[in-house]
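Here is the structure we will look at.
There are 2 protein chains.
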Amino acid sequence: MRKVNLREKFVLFSGHWTPKIVGDLNGQQVKLVKFQGSFVRHHHDAEDELFLVIQGRFRMEFRDRAVALEEGEFLIVPRGVEHRPVADEEVWVLLFEPATTLNTGNTTGALTQATLDRL
Amino acid sequence: MRKVNLREKFVLFSGHWTPKIVGDLNGQQVKLVKFQGSFVRHHHDAEDELFLVIQGRFRMEFRDRAVALEEGEFLIVPRGVEHRPVADEEVWVLLFEPATTLNTGNTTGALTQATLDRL
Numbered sequence: 022m023r024k025v026n027l028r029e030k031f032v033l034f035s036g037h038w039t040p041k042i043v044g045d046l047n048g049q050q051v052k053l054v055k056f057q058g059s060f061v062r063h064h065h066d067a068e069d070e071l072f073l074v075i076q077g078r079f080r081m082e083f084r085d086r087a088v089a090l091e092e093g094e095f096l097i098v099p100r101g102v103e104h105r106p107v108a109d110e111e112v113w114v115l116l117f118e119p120a121t122t123l124n125t126g127n128t129t130g131a132l133t134q135a136t137l138d139r140l
Numbered sequence: 022m023r024k025v026n027l028r029e030k031f032v033l034f035s036g037h038w039t040p041k042i043v044g045d046l047n048g049q050q051v052k053l054v055k056f057q058g059s060f061v062r063h064h065h066d067a068e069d070e071l072f073l074v075i076q077g078r079f080r081m082e083f084r085d086r087a088v089a090l091e092e093g094e095f096l097i098v099p100r101g102v103e104h105r106p107v108a109d110e111e112v113w114v115l116l117f118e119p120a121t122t123l124n125t126g127n128t129t130g131a132l133t134q135a136t137l138d139r140l
C-alpha cells in the first residue's frame with residue numbers, strides 16, 4: 022500500500038492521449054493522461070467516465086455544446102454520451118473509470134490504446 | 022451533465038467527518054469530506070477506498086505504521102485493512118469508493134453517517 026503523488030507521476034511521461042494506470046480499486050482504475058489537440062469523437066457503451074483537471078484546462082465537446090474545465094474541476098460523462106476532449110495547450114487529467122474502459126470507446130484507430138502502462 | 026468545481030463545493034460545508042456526495046458513476050461515488058482530529062479505527066469488508074488530498078495534509082494510521090499524505094497525493098486502502106485517518110489541522114479530502122460504503126465501516130457510533138447529503 023503506497024501513496025501516489027500525482028505530480029511525480031505526471032512528470033514520468035510526455036506522450037499525449039496515452040493513459041497510464043496509477044491505481045486499482047473495486048474494478049475501477051485511476052489513470053493519468055495528458056491531452057493536447059483534439060481527440061476522436063466517441064462514446065462508451067457501458068462505462069461512465071470521470072475527468073478531473075490537475076493542471077491546465079481543456080474543453081469537452083458534445084454534439085450540441087461544450088464544457089470548459091479548469092484546474093480542480095471534474096466532469097462525469099455518462100455511458101452512451103458522445104464526447105471529444107480538446108485541449109489548446111497541454112493539460113494533465115486524472116481519469117476514474119472501470120478497468121474495462123477503452124480510451125477511444127466505440128471507435129478504434131491510431132489513437133486507440135489497447136493496453137496501458139502502469140506507473 | 023454539469024462540471025463540479027471542488028473548491029466551490031468544499032466551501033459549502035464546515036463540518037468534519039461528514040462526507041458529501043458530489044458525483045455518481047459506475048456504482049461508485051465521489052465524496053468530499055473535511056477531516057480534523059482523529060477518526061475511529063475501522064475497516065470495510067467489501068470496499069476499497071481512495072483518499073485524495075485536495076488541501077492540507079493528514080496521516081492514515083494502520084496497525085503497524087502510518088502514511089503521511091500531502092496535497093496532490095492519494096492512497097488506496099484495500100478492503101479488510103484497518104485504518105484511521107488523523108488530521109492535526111483541517112484537511113480537505115476527495116473520496117472515491119462504492120456507493121455502498123459506510124464511513125465508519127465495520128463500526129457504528131457517534132461518527133457514523135448512515136445517509137449522506139449531496140452537494
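Protein chains in written order, with my numbering: chain A, 22 to 140; chain B, 22 to 140. Using N, Cα and C, we set each Cβ at its ideal position, and we do this for glycine too.
Beta carbon of residue i nearer than 8 Å to that of residue j
{"i": "E92 of chain B", "j": "Q50 of chain B", "result": "no"}
{"i": "F79 of chain B", "j": "V112 of chain B", "result": "yes"}
{"i": "L90 of chain A", "j": "K24 of chain B", "result": "yes"}
Distance, residue j Cα to residue i Cα
{"i": "T121 of chain B", "j": "L53 of chain A", "result": "26 Å"}
{"i": "S35 of chain B", "j": "T133 of chain B", "result": "17 Å"}
{"i": "N124 of chain B", "j": "D69 of chain B", "result": "12 Å"}
{"i": "R100 of chain A", "j": "M81 of chain B", "result": "34 Å"}
{"i": "G77 of chain B", "j": "V98 of chain A", "result": "29 Å"}
{"i": "T136 of chain A", "j": "K55 of chain B", "result": "36 Å"}
{"i": "M22 of chain B", "j": "D45 of chain A", "result": "26 Å"}
{"i": "F83 of chain A", "j": "G58 of chain B", "result": "43 Å"}
{"i": "N26 of chain B", "j": "V88 of chain A", "result": "12 Å"}
{"i": "N47 of chain B", "j": "N47 of chain A", "result": "10 Å"}
{"i": "R86 of chain A", "j": "H37 of chain A", "result": "24 Å"}
{"i": "R28 of chain A", "j": "E110 of chain B", "result": "23 Å"}
{"i": "D138 of chain B", "j": "R139 of chain A", "result": "35 Å"}
{"i": "V102 of chain B", "j": "V102 of chain A", "result": "37 Å"}
Exposure of residue i, with buried meaning 16 or more beta-carbon neighbours within 10 Å
{"i": "L115 of chain B", "result": "buried"}
{"i": "L33 of chain A", "result": "exposed"}
Any non-hydrogen atom of the ligand NAD closer than 7 Å to residue i Cβ
{"i": "R62 of chain B", "result": "Within the structure as shown, the ligand NAD is missing, as the structure has no ligands at all."}
For this session: Pair every Cβ in the region 34-43 of chain A with every Cβ in the region 103-121 of chain B, then say whether three or more of these pairs are closer than 8 Å.
Result: Three or more beta-carbon pairs separated by less than 8 Å are not found between the region 34-43 of chain A and the region 103-121 of chain B, which leaves the two stretches without contact.
Exercise. Counting Cβ pairs closer than 8 Å, one from the region 124-138 of chain B and one from the region 61-70 of chain B, do we hit at least three?
Worked result: Two segments are said to touch when three or more pairs of C-beta atoms, one from each, lie closer than 8 Å; by this definition the region 124-138 of chain B touches the region 61-70 of chain B.
Exercise. Are the region 88-102 of chain B and the region 71-80 of chain B in contact at 8 Å, needing three or more beta carbon pairs?
Worked result: Yes, since at least three Cβ pairs between the region 88-102 of chain B and the region 71-80 of chain B fall closer than 8 Å, the two stretches touch.
Exercise. Just by C-beta distance, which residues in the region 60-74 of chain A are closer than 7 Å to chain B?
Worked result: Answer in chain order: E68, D69 and L71.
Problem set entry | Residues, ordered as in the chain, of the region 78-91 of chain B that lie near chain A by beta-carbon distance below 9 Å | So the close ones are M81, F83, V88, A89, L90 and E91.
For this session: Name, going along the chain, the residues of the region 36-60 of chain A whose beta-carbon falls closer than 9 Å to a beta-carbon of chain B.
Result: Residues of the region 36-60 of chain A whose Cβ lies closer than 9 Å to any Cβ of chain B, in chain order: V43, G44, D45, L46, N47, G48, Q49 and V51.
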